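Undergrad: Would you mind keeping the following structure in view while I ask a few things?
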Amino acid sequence: MPRRRVSLPAAAVLAVAAVSVPVRPPHAAEGPPAVPGAVLEPVAFNALPGWREDDAGAALDAFRRTCAGSGPNPPQAADVTGSPADLTAACAAAAEVKPADARKFFEARFSAYRIVRPASGAEPERRLGFLTGYFEPELSGSLEPGPGYTAPVLARPDDLVSLAPGETAPGLDPIYRAGRRTETGLVPYPDRAAIEDGALGERTRPLLWLRDAVDLFVLQVQGSGRVRLPDGRSMRVLYDGKNGQPYTSIGKLLVAEGHLPLNGLSLERWTSWLRAHPDHARRLMRMNASYIFFRTEPVTDPALGPPGAAGAPLSAGRSMAVDGNLWRYGLPFWLEGKLPGQPGRGHLVVAADTGSAIVGPARGDLYVGTGPAAGRAAGDLHDRMGFIVLIPKASPAGNAAAPAAGETRP
């Protein structure tokens, strides 16, 4: 679900902007490696607080799953993220690693670099990034409309043309990330208000119905969800494209108009406010021109999340959405800091998803799980955090086999 996709509204308000810096290969002689907006400083694994205490086996499981994903890697990922062949070799090596040897595997196959955004003008050097959380909502729905089920979840229209990151189309303003196919070329796709008023006609169809427009809006903000039907069955509703119109955070609108304070702006709080003020709710939701379309599939493993942009099921607490213009899927990251409700002083996660609000080299959105408790945890997660990226080491020529368990890095 290329989420995101979008972050919780409060997180979108606080998103960190990127600064342009030339890209250099990881081991360039002229200086430390860099990505747009940051310099990477080498750091020893044993210097990472909490590195020895974290559950590396859980991170290894998420890494393997992401490696097996079917999704395409972001074409704009910077060269500094290492050779794709080296990451492929690390993926192959991971298949034979025992959980008890997971930490040794990451130390042997990767080099750790702290992501530092350099000083610029009056702005000081920044060694902390920003982490938010997202989750898979669990909603009530029906395959047929009726009392209590009034909001249609729409399938991808047959005239929607999505643009890849960085891709443009002749005659279409670059602000639009998708277009409507016509006989004369692409034109901007209808916005949320027009779609709700029936602008798509027979180009789409309802997949199912949710309780109300607020539930549908939550589903679209998160990018996917589980829906429980009246007969007790569950189905997964997954991202299948968007209209390409600019996204506007409803949290930002609520704060700007003075309806709710930024402090404590949780999902539960802003959805409750919308339901209590239906006239304002319709107007505010329509101010977000972006609109998400979906597809459905069965829930095969309730313990796993929906597939992320990498095409692999997300692992709660171990899968992270990153800026797809900078980082390849499958790259491990060490989050240096205390996560709400989690023990330890750091956490090893894997890049497995992306999102329109996730911009910059030290910006992440952590998938925290399914259901109301996960929703509350995601709403509480908006913290400054140290980001360390693990870049794959060059593998021996022609040899992608796993190192022996005792063969740790020099």
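Take the sequence shown: its letters are residues -28 to -1, 1 to 382, numbered as in mature numbering (1 follows the signal peptide of the UniProt record, and there is no 0).
Think of the CB as a built atom: it goes at the ideal place given N, C-alpha and C, for glycine as much as any other residue.
Source: prediction; values computed, not measured.
Which word fits L12, buried or exposed, when buried means at least 16 other C-beta atoms lie within 10 angstroms of its C-beta?
TA: Numbered from 1 along the sequence shown, position 40 holds the residue referred to as residue 12. Classification of L12: buried, given that the 10 Å Cβ count is 16 or more.
Undergrad: With DSSP as the reference, please indicate the residues paired to A19 in a beta bridge.
TA: Mapped onto the sequence shown, residue 19 falls at position 47. DSSP output for A19 lists no bridge partner at all.
Undergrad: According to the Cβ coordinates, are P270 and L276 closer than 7 angstroms?
TA: The sequence position of residue 270 within the sequence shown is 298, counting from 1. The sequence position of residue 276 within the sequence shown is 304, counting from 1. Against a cut-off of 7 angstroms, the Cβ pair of L276 and P270 comes out as no contact.
Undergrad: Using alpha carbons as the reference points, say which of P119, L32 and P137 lies closest to V331.
TA: Mapped onto the sequence shown, residue 331 falls at position 359. Ranking P119, L32 and P137 by Cα distance to V331 puts P137 first.
Undergrad: Going by the CB atoms, is the gap between T38 and V322 shorter than 7 angstroms?
TA: Within the sequence shown, the letter at position 350 stands for residue 322. Within the sequence shown, the letter at position 66 stands for residue 38. Yes, these two residues count as a Cβ contact at 7 angstroms.
Undergrad: What does the alpha-carbon distance come out to for the pair G43 and W299?
TA: Against the sequence shown, residue 43 aligns to sequence position 71. Against the sequence shown, residue 299 aligns to sequence position 327. Distance between the alpha carbons of G43 and W299: 14 angstroms.
Undergrad: Just to confirm my understanding: we take L180, look at its own chain, exclude 5 residues before and 5 after, and list those with CB closer than 6 angstroms. What are they?
TA: If you number the sequence shown from 1, residue 180 lands on position 208. Result list for L180: G113, L115 and V125, in chain order.
Undergrad: Identify whether V294 lies in helix, strand or coil by the three-state DSSP scheme.
TA: Position 322 of the sequence shown, counting from 1, holds the residue named residue 294. Note: V294 maps to strand in three-state DSSP.
Undergrad: Please name the residue, chosen from L320, P8, L311 and A366, that lies closest to D356 on a Cα-to-Cα basis.
TA: Numbered from 1 along the sequence shown, position 384 holds the residue referred to as residue 356. Here residue 356 is Arg; the residue named in the question, Asp, does not match the sequence. Considering only alpha carbons, the answer is L311.
Undergrad: Relative to the alpha-carbon of Q192, which residue among R254, I147 and F265 has its alpha-carbon at the smallest distance?
TA: Here residue 192 corresponds to residue number 220 of the sequence shown, with the count starting at 1. The shortest Cα separation from Q192 among R254, I147 and F265 belongs to F265.
Undergrad: Give a yes or no on whether the C-beta atoms belonging to R175 and P129 are separated by under 7 angstroms.
TA: Counted from its first residue, the sequence shown places residue 175 at position 203. Counted from its first residue, the sequence shown places residue 129 at position 157. In contact: R175 and P129 (Cβ atoms closer than 7 angstroms).
Undergrad: Straight-line CA distance for Y225 to Y121?
TA: The residue given as residue 225 occupies position 253 in the sequence shown. The residue given as residue 121 occupies position 149 in the sequence shown. Sequence check: residue 225 is Leu here, not Tyr. Computed Cα separation, rounded: 27 angstroms.
Undergrad: Go through its chain and collect everything with a Cβ distance to P202's Cβ below 7 angstroms, but skip five positions before and after it.
TA: The count along the sequence shown starts at 1 and reaches residue 202 at position 230. Taken in chain order, the residues that qualify are S114.
Undergrad: Which residues bound the alpha helix (DSSP H) around R37?
TA: Along the sequence shown, read from residue 1 onward, the residue named residue 37 stands at position 65. Segment A28 to C39, the alpha helix (DSSP H) holding R37.
Undergrad: Over what stretch of residues does the beta strand (DSSP E) that includes S196 continue unbroken?
TA: By 1-based counting over the sequence shown, the position of residue 196 is 224. Its beta strand (DSSP E) spans residues S196 to R200.
Undergrad: Ends of the beta strand (DSSP E) at D355?
TA: On the sequence shown, position 383 is the one that residue 355 refers to. Here the beta strand (DSSP E) through D355 covers H354 to P364.
Undergrad: P333 to N297, Cα distance in whole Å?
TA: As a first step, residue 333 must be located in the sequence shown, where it is residue number 361. As a first step, residue 297 must be located in the sequence shown, where it is residue number 325. Straight-line Cα distance between these residues: approximately 9 angstroms.
Undergrad: Beta-carbon within less than 6 angstroms of P(-7)'s beta-carbon, same chain only, minus the 5 sequence neighbours each way: which residues are those?
TA: In the sequence shown, the residue the question calls residue -7 occupies position 22. For P(-7), the predicted model reports a pLDDT of 36, less than 50, meaning its position is unreliable; a value from the coordinates is still stated below. So no residue of the chain qualifies.
Undergrad: List the endpoints of the continuous alpha helix (DSSP H) containing T60.
TA: As a first step, residue 60 must be located in the sequence shown, where it is residue number 88. Note, T60: alpha helix (DSSP H), P56 to A66.
Undergrad: Determine the direct distance from the alpha carbon of V340 to that of P315, and round the result to whole angstroms.
TA: In the sequence shown, the residue the question calls residue 315 occupies position 343. In the sequence shown, the residue the question calls residue 340 occupies position 368. Rounded to the nearest angstrom, the two C-alpha atoms are 15 angstroms apart.
Undergrad: Determine the burial state of R198: buried for a count of at least 16 other Cβ atoms within 10 Å of its Cβ, exposed for fewer.
TA: Here residue 198 is taken as the residue at index 226 of the sequence shown, counted from 1. Under this definition R198 is a buried residue.
Undergrad: Determine whether the beta carbon atoms of A171 and N215 lie at a separation below 7 angstroms.
TA: Taking the first residue of the sequence shown as 1, we reach residue 171 at position 199. Taking the first residue of the sequence shown as 1, we reach residue 215 at position 243. Going by C-beta atoms, A171 is not nearer than 7 angstroms to N215.
Undergrad: Per DSSP, what are the beta-bridge partners of V159 in this structure?
TA: As a first step, residue 159 must be located in the sequence shown, where it is residue number 187. Partner(s): R152.
Undergrad: Does the distance from the C-beta atom of P278 to that of R208 stay below 7 angstroms?
TA: Here residue 278 is taken as the residue at index 306 of the sequence shown, counted from 1. Here residue 208 is taken as the residue at index 236 of the sequence shown, counted from 1. The answer is yes: Cβ separation under 7 angstroms.
Undergrad: If you reduce the DSSP assignment to three classes, tell me which class K214 lands in.
TA: In the sequence shown, counting from the first residue as 1, residue 214 sits at position 242. Here K214 sits in strand by DSSP.
Undergrad: When you compare the CB positions of A261 and Q194, do they come within less than 7 angstroms of one another, or not?
TA: Along the sequence shown, read from residue 1 onward, the residue named residue 261 stands at position 289. Along the sequence shown, read from residue 1 onward, the residue named residue 194 stands at position 222. Cβ distance not < 7 angstroms, so A261 and Q194 don't count as in contact.
Undergrad: Suppose you measure from the CA of G336 to the CA of L132; what does that come to, to the nearest Å?
TA: For the purposes of this step, residue 336 is identified with residue 364 of the sequence shown, where counting begins at 1. For the purposes of this step, residue 132 is identified with residue 160 of the sequence shown, where counting begins at 1. G336 and L132: Cα-Cα distance of roughly 29 angstroms.
Undergrad: Could you check whether L239 and G351 sit closer than 7 angstroms to each other, using their CB atoms as the reference points?
TA: Indexing the sequence shown from 1 puts residue 351 at position 379. Indexing the sequence shown from 1 puts residue 239 at position 267. Taking 7 angstroms as the Cβ cut-off, G351 and L239 qualify as a contacting pair.
Undergrad: Could you give the DSSP three-state label for R164: helix, strand or coil?
TA: Numbered from its first residue, the sequence shown carries residue 164 at position 192. In this structure, R164 counts as helix in the three-state DSSP scheme.
Undergrad: Starting from D251, follow the alpha helix (DSSP H) in both directions and report where the run begins and ends.
TA: Taking the first residue of the sequence shown as position 1, residue 251 is located at position 279. P250 to R258 is the extent of the alpha helix (DSSP H) around D251.
Undergrad: Where E2 and S92 are concerned, what is the direct C-alpha to C-alpha distance, given to the nearest angstrom?
TA: In the sequence shown, counting from the first residue as 1, residue 2 sits at position 30. In the sequence shown, counting from the first residue as 1, residue 92 sits at position 120. Note on E2: pLDDT 45, under 50, position unreliable in the model; the coordinate value appears next. Rounded to whole angstroms, E2 to S92 spans 20 angstroms at the Cα level.
Undergrad: Could you tell me the boundaries of the alpha helix (DSSP H) in which G223 lies?
TA: Locating residue 223 in the sequence shown gives position 251, counting from the first residue. Residues I222 to A228.
Undergrad: Going by Cα to Cα distance, which pick from V69, G309, D295 and P344 is closest to G327?
TA: Taking the sequence shown and counting its residues from 1, the one referred to as residue 327 is at position 355. Taking only the C-alpha atoms, the option nearest G327 is D295.
Undergrad: How many angstroms separate the CA atom of P160 from the CA atom of A127?
TA: On the sequence shown, position 188 is the one that residue 160 refers to. On the sequence shown, position 155 is the one that residue 127 refers to. The straight-line gap from Cα to Cα measures roughly 19 angstroms.
Undergrad: Hey, could you find the ends of the alpha helix (DSSP H) A74 is sitting in?
TA: Here residue 74 is taken as the residue at index 102 of the sequence shown, counted from 1. Its alpha helix (DSSP H) spans residues A74 to R81.
Undergrad: Give the DSSP bridge partners of L103, in chain order.
TA: Here residue 103 refers to the residue found at position 131 when the sequence shown is read from its first residue. According to DSSP, which records beta bridges pairwise, L103 is partnered with G336 and D355.
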